[in-house]
Amino acid sequence: MATLKSSSDRNSGAVPGVQNGEDFKVQVFSSSSELLEKLHDKWSGKQKPYPAMYSSIFGGIILDPEMMVIPIDDHMVHRGHGVFDTAIILDGFIYELDVHLARFLRSASKAKITSSFSQSTLRSILIQLAAASLCRKGTLRYWLSAGPGDFLLSPAGCPAPAFYAVVIDEDFSQCKEGVKVITSTIPMKSPLFATMKNVNYLPNVLSKMEAEEKGAFASIWVDDEGHIAEGPNVNVAFITPEKELVLPFFDSILSGCTAMRLLELAPKLVELGHLKSVKTANLTMEEAKGASEMMYVGSTLPILPIIVWDDKPIGDGNVGKLTMELSDLLWEDMVAGPETLRVPVPYA
Ligand SMILES: Cc1ncc(COP(=O)(O)O)c(C=O)c1O
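The numbers in our numbering rise by one with no breaks, and the one at position 47 of the sequence shown is 101.
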């Protein structure tokens, strides 16, 4: 699981220290132990960013990063036939695991993948994986694929679906700084594909890269009818000048677990008189750009204030007060919310 260091490395196609052309000598590994030795060398002395992985192909949990691999003939690898989801581990609890798992299985059903495991077994595997990882703060990412079999378009030759999951050590904290965003020029996915969390994230990746190339953090998609949709891996929310919290309808975008929780929690600010109302609605670009506050909403944030959009300030261009109140509500829920939402990890 190597990562490339810079965009120049990424774009040049050059591998540092490797000769080109006919001089390029490809090593043939005559045994798996020879390959393993090389992979061991690659990871030796390095901190492991991925403390544990589960694979239904192995039928268990592995702790060695060099073995964290999936088969190349998996339909998810060569045809994108897979779905995924993510939950966060915070202070030794998995937040909203059941909500994420329910969406995961809804996505799987739309992608016509039938899990070999029930929701409760998937849950148990993920909890055991988190425990084996010893990770107290990070992300739990998991995939259901049509499984390995062959390289054809039809999954008919893939006898059984595969389930993979990995724990990633990651530090995150409440976001207090605001970011800049742009309107994406990359076409957004059609509702069928946008409403299921499948592995085809190329539009999302290109949209994020476009923003980064323009000095922004990320982007905002606007649909064919001119309504605000979502960000590349986050939902988006607005506070109108009348102090209404508005989130775009979810019929043609991903129904974010964090956005759903925000809609449940935000009425507390209405009771306090800080917000006038909380609703989902269609928002035109003009209405959205006239908002007094704007924010991204997603699992690892949970709220990220947006202060500039297409080079124009949102509201007064500062992090919004109500944005931070909403962020506090969600953060409090993540660290000390109801037991039903926070699954304790039974570390050994
Ligand atoms: C396209 C897209 N929209 C929205 C979200 C936010 O969803 P959640 O709050 O469940 O992280 C995500 C992340 O999963 C996403 O990939």
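Don't be surprised by glycine CBs; every beta carbon is placed ideally from N, CA and C.
As DSSP reads the structure, residue 372 sits in no beta bridge. Annotation: the continuous alpha helix (DSSP H) that includes residue 258 extends over 256 to 267. In the structure shown, the three-state DSSP call for residue 75 is helix. Within 7 Å of the C-beta of residue 344 there is not a single heavy atom belonging to ligand 1. Assigned with DSSP and collapsed to three states, residue 296 falls in coil, not helix or strand.
Remark: the C-beta of residue 254 is outside contact range of ligand 1, defined as less than 7 Å to any heavy atom. With a cut-off of 7 Å, the C-beta of residue 291 is classified as distant from ligand 1, since no heavy atom of the ligand falls inside that distance. Cβ contact annotation for residue 169 (same chain, cutoff 8 Å, sequence separation greater than five): 159, 162, 176, 198, 215 and 217, in chain order.
Within 7 Å of the C-beta of residue 241 there is not a single heavy atom belonging to ligand 1.
Membership of residue 138 in the beta strand (DSSP E) is indicated by the continuous run 136 to 144. Of the residues assessed, residue 196 falls on the buried side of the cut-off, its CB having 16 or more other CB atoms within 10 angstroms. Note that the C-beta distance between residue 258 and residue 287 is below 8 Å. Between residue 185 and the set 295, 244, 115 and 270, the nearest pair of CA atoms involves 115. With a minimum length of 3 residues, the unbroken runs of beta strand (DSSP E) contained wholly in the region 96 to 138 fall at 106 to 109 and 114 to 116. Per DSSP, the unbroken alpha helix (DSSP H) holding residue 315 starts and ends at 311 to 319. Taking residue 152 as reference, the option from 401, 347 and 396 with the minimal CA-CA separation is 396. Within the chosen limit of 7 Å, ligand 1 does not reach the beta carbon of residue 282 with any heavy atom.
Residue 229 is a Cβ neighbour of residue 359, given a cutoff of 8 Å.
A distance below 8 Å separates the beta carbons of residue 264 and residue 240.
The beta carbon of residue 107 is closer than 6 Å to those of 116, 122 and 220 in its chain, skipping five residues each way along the sequence. For residue 219, the enclosing beta strand (DSSP E) starts and ends at 216 to 223. Residue 362 and residue 255 have their C-alpha atoms some 25 Å from each other. If you check the CB distance, residue 299 and residue 329 come in under 8 Å.
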